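If you read the sequence shown in our numbering, its first letter stands for residue 1058, the second for the next number, and so on.
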Amino acid sequence: MDSLIEAYVDWYNRDNLAEERVYRVSLAQARALDLPGVTRKDIEEAVQPFLYRWGRMGRSLGRPKLAGWEDRLAQSVRQESPSLLRYCVTDFSDADLPLERPHIWRAYESFRRAVGQVAATKCLHLLCPQFFPMWDTTIAGSARRERSGEHVDGFSGEDYCLFVEQVRTFIVRHSAVISDLAKKYDKTKVKIADEILFGATQRPLFFILGTTRIK
């Protein structure tokens, strides 16, 4: 398993160099934000490029029902800033998740109402990169099927809390290799876990069948 984890992370960091530059720049900009006083302008300058260029969410966020998401997200960040400020300096692996569960649920639901269920986790991660794991629809659905076998549209705060627990369990179970990869690529363990999940769901046969293509 460790060798597969390493292979997925090495593949991700080899084939996504441009996106990762955007990720690092966005993290630096987000670290400079005054979360209790964040404004729409802050969101437009620090968060929007991350969601559009790294998260490729321009089409999703451009839907009429999400018009004005920048103002709603700024309000959510201000509202959740007491918890977010704690999570900015909290190592995910050391957190008391049962104690934090109500705060995680509330932050996710607040962000979900502002930007949708996928962008919500990306925004939470951007602001607290060593605490909040990300998902896309495929990862969220796969994680839920592993938990319960359910195939239900939509992902609630309860789904996200359970996903957080799954990711924490995975990180703890493979702590040594994930910690080594985090040091190797100068990233958080949560980001390394995201790269593994992305590879496993987007390219599940990549290391079995190889990369040979018919020309």
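Ideal Cβ positions, reconstructed from N, Cα and C, are used throughout, including at glycine. Just so it is clear, the structure is predicted and the values come from calculations on it, not from any experiment.
For residue i, three-class secondary structure by DSSP
i	result
Asp1193	coil
His1231	coil
Ser1213	coil
Arg1097	helix
Gly1112	coil
Asn1070	helix
Leu1142	helix
Leu1118	helix
Gly1206	coil
Arg1260	coil
Ala1184	Correcting the residue identity first, residue 1184 is Leu in this sequence and not Ala. Three-state result, Leu1184: helix.
Asp1243	coil
Ala1124	coil
Asp1090	Residue identity differs from the one stated: residue 1090 is Leu in this sequence, not Asp. DSSP places Leu1090 in coil when its eight states are reduced to three.
Sub-8 Å separation of residue i and residue j beta-carbons
i	j	result
Tyr1069	Gly1198	no
Gln1187	Thr1245	yes
Val1066	Leu1238	yes
Cys1185	Leu1130	no
Val1247	Pro1190	yes
Ala1200	Ile1228	no
Buried/exposed call for residue i, threshold 16 Cβ in 10 Å
i	result
Ser1140	buried
Leu1183	buried
Ser1205	exposed
Trp1164	It is worth fixing the name first, because residue 1164 is Ala in this sequence and not Trp. The residue is buried, with at least 16 neighbouring Cβ atoms inside 10 Å.
Gln1259	exposed
Met1114	buried
Integer-rounded CB distance, given that residue j should sit under 8 Å from residue i
i	j	result
Leu1108	Ala1176	6 Å
Val1221	Ile1161	6 Å
Arg1097	Asp1128	5 Å
Touch test, the stretch 1133 to 1150 against the stretch 1091 to 1109, Cβ-Cβ under 8 Å, three pairs minimum: With three or more CB-CB distances shorter than 8 Å, the stretch 1133 to 1150 counts as touching the stretch 1091 to 1109.
Inter-stretch contact at 8 Å, needing at least 3 Cβ pairs: the stretch 1162 to 1172 / the stretch 1229 to 1237: With the cut-off at 8 Å, the stretch 1162 to 1172 and the stretch 1229 to 1237 do not touch.
Validate contact between the stretch 1150 to 1159 and the stretch 1113 to 1125 using beta carbons, cut 8 Å, 3 pairs: With the cut-off at 8 Å, the stretch 1150 to 1159 and the stretch 1113 to 1125 do not touch.
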